[in-house]
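First comes the structure, then the notes that go with it.
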């Protein structure tokens, strides 16, 4: 994972180098600052110079301060910009790939997680790029620079620094992994306890109805207290690393100061040098401490990156055509499905098992079967949301795999089971079916689909904002919008997936006429449970466990007293007095 | 400001812990100041060549400061986290005590579980009040005063200058930053929200996106959102960069100015030269206390907003007030009868009525169905019977007693509901069942499970009844959840049972199984069956057909079919559906 993350960062090299350079320059400026400071203090304290005589170094000192602050500003800005650019490009890559992966890959329960990855997951990489990565370099470069400066001034202090320096990251690592193990052991218990409150709130109604809501108050207190105790137990170890680091750093400063003092007494070193070393010592440890602080953010970032790259590496379930795209012969389309099989990755049995069906041009075929029989798989394959494991689907003899999915989908209009309304106006939601359509065509489609029938209930009519954060349309209204889209698109193939299942009696009556008109002069596949819809089809096919078990005209099937007849029969037993 | 004070009140139960934490935090920073100051003194003093023995105290102190700092840092973190967890516990208990009476009604008005999750997230965010706001501010105050005190030993003038710089960094820079960034925070939130919307839209509607060839459009949309967000973020980065730079500059300039002022004082012997270096290091080290203030103020902003949202919910009045003088419900030999007399209901005054003139009489031991197209107000009926709300007009009675005069607990002991969404708690299956009857015996649980047709299911579980279920445990299917609800209803054994669209989320096959498990239950108890699917209607004693909140038709199954009205229409549609064995 780390490898792939590194590859994504390559384009940012330039700007990251700039960031690190600015920080390094800043460190050099700090060193200059300390040199000047020790010079001034020495001059006034030991050489008894007055203000006028140290004016020049003072002015230079002010200059270094301003330079240092400016470099800091520059560094912050460049680091952030690097992160912003990185996040945007990665987000677009992931998003584009998710679209290519299609609905076959994103099942509805995963959408929430995927959205979280694209939004928050990518944000978590911000600290990784803008702080952790530069800091990794700086935690080596800056201490080295300081060592280089201190060495000629006082080799003993340099040695002390050199010896204690690497101990810090080492300690961090050791204590870190120790505490992590302990945290992992407690993880389940801790996360359950922290989720308890939300659980109780979500189930409050249930608790109230069972008269147990007041007892929960004590339980919340009890669990929160236990959580506190357990977490503090873990934190005792987690904070140890910080404390040890602090102790080490402080002790080192103390030891260095003490030895400098002793050597000063023995005239082994000049005051100015000793003071400089004292000033530089905290600066030596600071980058290492910073790294420790950034480590947490780094780990979060790496966890997010893992998931992101998992997504980016998922193979697309559709193959692009390699040869020149063959157009489908114009006019009405006959769909021939031959020997089609599909197995979902990870599943044992095939969802479609050598399935064969012919949809002659300008006819309507109804597909019937219980849930899990393979109907939605067929729709996904017909829409080329995924490619079959074996077998072919041919349109007028041309296999649909010979076209790119986008081109193929221009030939098919789908009315899905749960139509989605996008953030936008009602008008836009219909128009997206065929953006070049004019207003008349749009209104006509809306009328036929029964959308105009409910438009008066909406305050802004066609300009009403719908979808996410807009007006919530009922399932029936959404379905009518989907039908309007199909009418507007006017494609030679039409797939209707339970088109009237969400509609109440009035709406269904309204649509029935439009659906009849819609299915004329088109090759139609309709998946339905409603007898009325099926009886009007030219052909009926019964699907069970991935295969066609019965097919024929509705009347023929009724006479044959097979499965289809049985299904009807069960319906008809509840006597309906005429 | 008022919100701030309210939040402070939450800290008062353990204020001594808070004081200790602030003290430790101050000691932590003071010890660093002391360490560096002492070290500088040590070196300067040594340069003058005194006897070693005179330096023994500074040497000792230098060593000590290191230990003090490490220890106080460790202790401070433990104590402040302790305080934070106590604060969280307080907040949760308090919030619960305020929200509990408001349930179930107000909770239902939240459009989605999202809002509840956000409320809980806001409450959790408030736990940071001490750690990230009060603590840094208090410690900064204490340390600034301490620094003032130390510098006044040298010269009062220096002390004031030092304090001025500390205040400039602690207060001035945050305010400047807030001023420069005004509006940017909101812009960023908005830009993020729009981006989020586009992503959600595209992923949830991916079938439609692909079916209508809109991939490119959506990609460009997201790219455009990224561009706007990037623009705002770059602007923000300039300001946060400025903030960091100013922090640094002020710290160093403070040192520079103090140096400038101290040098003449050293020359005039007002201050001993030994202390010149000390002054420099002291001021540098003291800034550690004020530098976190910028983010503390920012956090304060977020916290106050979150607190506002939380208080808006917790300050609301419960919609139903329990009568002070609760009357008992007269017991009748036959059981309990529920009646509605000309009940009207609207969620808010002036709004369209959800229920109009509903009257019916549910006799003990009888079965009544309430049917009608979705949105007709059927579920509201159930909620009124349970006193989630009071009717705008009319009376609801149990055995003749107005339910507004009863204790809520009594009312809910007598009526049990199986709704369409059964909530499973994050706990064992056993606990989830015990909810219905606190001290249920093993035998009672076994019977309930058997009646709900869950025996086989439970046997197959990895740990039987002790299997962890719920959000973080095993996920139960829709049918399994509803059967659990049936088991709970068996354990509860209340005289009146309301089935509120109990099968609405189930597919036909599962629905059939559930209805079978309910046969025994509905036989024993007075049942109100609310549904929009007309199954098993022949067994009902009376059926009420609701349309737009009014009773459109009533009668038995046969009577209604014969009328050829709305009921017949609904029945016919349903009949037209193929049933799959």
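Chains as they are written, first to last, in this note's numbering: chain A, 33 to 610; chain B, 184 to 764.
Every residue gets a Cβ at the ideal spot worked out from N, C-alpha and C, and that includes glycine.
Original post:
Is residue 390 (chain B) close to chain A, meaning its C-beta is less than 8 Å from at least one C-beta of that chain?
Top reply: At least one chain A Cβ lies under 8 Å of residue 390 (chain B).
Original post:
When the distance is taken between beta carbons, is residue 220 (chain B) closer than 8 Å to residue 461 (chain B)?
Top reply: Taking 8 Å as the Cβ cut-off, residue 461 (chain B) and residue 220 (chain B) qualify as a contacting pair.
Original post:
Counting along the chain, where does the beta strand (DSSP E) carrying residue 576 (chain B) start and finish?
Top reply: 576-581 is the extent of the beta strand (DSSP E) around residue 576 (chain B).
**OP:** Report the rounded CA-to-CA distance for residue 476 (chain A) versus residue 514 (chain A), giving the unit in angstroms.
**Re:** When rounded, the distance between both Cα atoms is 14 Å.
Original post:
What number of angstroms, rounded off, separates the C-alpha of residue 479 (chain A) from the C-alpha of residue 577 (chain A)?
Top reply: The alpha-carbon atoms of residue 479 (chain A) and residue 577 (chain A) are separated by roughly 39 Å.
Original post:
Excluding the five sequence neighbours on either side, which residues of its own chain have a C-beta within less than 7 Å of the C-beta of residue 255 (chain A), listed in chain order?
Top reply: Take residue 255 (chain A), set aside five residues on each side of it, and the residues of its chain with a beta-carbon closer than 7 Å to its own are 225, 228, in chain order.
Subject >> Close-in-space but distant-in-sequence residues of the same chain around residue 330 (chain A) (CB under 8 Å, 5 per side omitted) >> reply: So the qualifying residues of the chain are 159, 160, 164.
**OP:** For residue 530 (chain A), name the three-state secondary structure that DSSP assigns.
**Re:** In the structure shown, residue 530 (chain A) sits in coil (DSSP, three-state: anything other than H, G, I, E or B).
Subject >> Under 8 Å by beta carbon: chain A residues contacting residue 735 (chain B) >> reply: Simply none; closest approach about 13 Å.
**OP:** Inspect the beta-carbon positions of residue 463 (chain B) and residue 438 (chain B) and report whether they are closer than 8 Å.
**Re:** Their beta carbons are under 8 Å apart, which means residue 463 (chain B) touches residue 438 (chain B) by this criterion.
Original post:
Between the segment 356-375 of chain B and the segment 437-452 of chain B, do at least 3 Cβ pairs fall closer than 8 Å?
Top reply: Counting Cβ pairs under 8 Å, fewer than three are found: no touch.
Original post:
Using the beta-carbon of each residue, which ones in chain B are nearer than 7 Å to residue 252 (chain A)?
Top reply: Neighbours of residue 252 (chain A) on chain B, chain order: 275, 276, 279.
**OP:** Say whether chain B places a C-beta atom closer than 8 Å to the C-beta of residue 592 (chain A).
**Re:** It does not; no Cβ of chain B falls within 8 Å.
**OP:** Please look up how many angstroms separate the CB atoms of residue 765 (chain B) and residue 674 (chain B), rounded, as I've assumed it's under 8 Å.
**Re:** Residue 765 (chain B) lies beyond the residue range present for chain B, which begins at 184 and ends at 764; the question has no answer from this structure.
**OP:** Leaving out five residues on either side along the sequence, give the residues of the same chain with a beta carbon under 7 Å from the beta carbon of residue 590 (chain B).
**Re:** Within the same chain, residue 590 (chain B) has close Cβ partners 505, 509.
Subject >> Beta carbon of residue 330 (chain B) nearer than 8 Å to that of residue 345 (chain B) >> reply: Yes; because the gap between Cβ atoms is below 8 Å, this pair is in contact.
Original post:
What number of angstroms, rounded off, separates the C-alpha of residue 553 (chain A) from the C-alpha of residue 395 (chain A)?
Top reply: Residue 553 (chain A) and residue 395 (chain A) have their C-alpha atoms some 8 Å from each other.
Subject >> residue 447 (chain A), enclosing beta strand (DSSP E) - first and last residue >> reply: Annotation: the continuous beta strand (DSSP E) that includes residue 447 (chain A) extends over 444-447.
Original post:
Using Cβ-Cβ distances below 7 Å, what residues of the segment 438-450 of chain A are close to chain B?
Top reply: Answer in chain order: 438, 441, 442, 446, 448.
Original post:
From residue 468 (chain A) to residue 47 (chain A), what does the alpha carbon distance come to, in whole angstroms?
Top reply: Using only the alpha carbons, I get a separation of about 44 Å.
**OP:** Look up residue 294 (chain B) in the DSSP assignment and say whether it is helix, strand or coil.
**Re:** Here the model assigns residue 294 (chain B) a pLDDT of 47, short of 50, so the residue's position is not dependable and the matter cannot be decided.
Subject >> Spatial distance of residue 83 (chain A) from residue 71 (chain A) (CA atoms) >> reply: Here the C-alpha atom of residue 83 (chain A) lies approximately 13 Å from the C-alpha atom of residue 71 (chain A).
Original post:
From residue 591 (chain A) to residue 583 (chain A), what does the alpha carbon distance come to, in whole angstroms?
Top reply: Those two C-alpha atoms are separated by around 12 Å.
**OP:** Go ahead and pull the three-state DSSP assignment for residue 524 (chain B).
**Re:** In the structure shown, residue 524 (chain B) sits in a strand (DSSP, three-state: E or B).
**OP:** Examine the Cβ distances between the segment 472-486 of chain B and the segment 297-314 of chain B and report whether three or more of them are shorter than 8 Å.
**Re:** With a cut-off of 8 Å, the segment 297-314 of chain B and the segment 472-486 of chain B count as touching, because enough Cβ pairs lie within range.
**OP:** Following the continuous beta strand (DSSP E) through residue 373 (chain A), name the residue where it begins and the one where it ends.
**Re:** First-last of the beta strand (DSSP E) with residue 373 (chain A): 367-374.
Original post:
Is residue 242 (chain A) buried or exposed, if buried means 16 or more other CB atoms sit within 10 Å of its CB?
Top reply: It is buried - the Cβ of residue 242 (chain A) has at least 16 other Cβ atoms within 10 Å.
Subject >> Separation of residue 654 (chain B) from residue 294 (chain B), as counted between CA atoms >> reply: Note on residue 294 (chain B): pLDDT 47, under 50, position unreliable in the model; the coordinate value appears next. Distance between the alpha carbons of residue 294 (chain B) and residue 654 (chain B): 20 Å.
Original post:
Would a check of beta-carbon distances place residue 238 (chain A) closer than 8 Å to chain B?
Top reply: Yes - at least one Cβ of chain B is within 8 Å of the one on residue 238 (chain A).
Original post:
Is it the case that the Cβ atoms of residue 719 (chain B) and residue 697 (chain B) are separated by a distance below 8 Å?
Top reply: Residue 697 (chain B) is positioned such that its CB atom lies no closer than 8 Å to that of residue 719 (chain B).
Original post:
So what does DSSP say about residue 545 (chain A), is it helix, strand or coil?
Top reply: Residue state, collapsed to three classes: helix.
Original post:
Given residue 556 (chain A), which residues of its chain have a CB within under 6 Å of its CB, disregarding the five upstream and five downstream residues?
Top reply: Hits under 6 Å: 396, 526.
**OP:** Could you check what DSSP says for residue 605 (chain A) in three-state terms: helix, strand or coil?
**Re:** Confidence in residue 605 (chain A) is poor, its pLDDT being 43 and thus under 50, which makes the residue's placement unreliable; the coordinate value appears in the next sentence. Note: residue 605 (chain A) maps to helix in three-state DSSP.
Original post:
Less than 8 Å separating the beta-carbons of residue 386 (chain B) and residue 147 (chain A)?
Top reply: Contact flag set, yes.
Subject >> Nearest-angstrom Cα separation, counted from residue 642 (chain B) out to residue 361 (chain A) >> reply: Each residue's alpha carbon lies about 60 Å from the other.
**OP:** Give a yes or no on whether the minimum CB-CB distance between residue 290 (chain A) and chain B is below 8 Å.
**Re:** Cβ-Cβ to chain B under 8 Å: yes for residue 290 (chain A).
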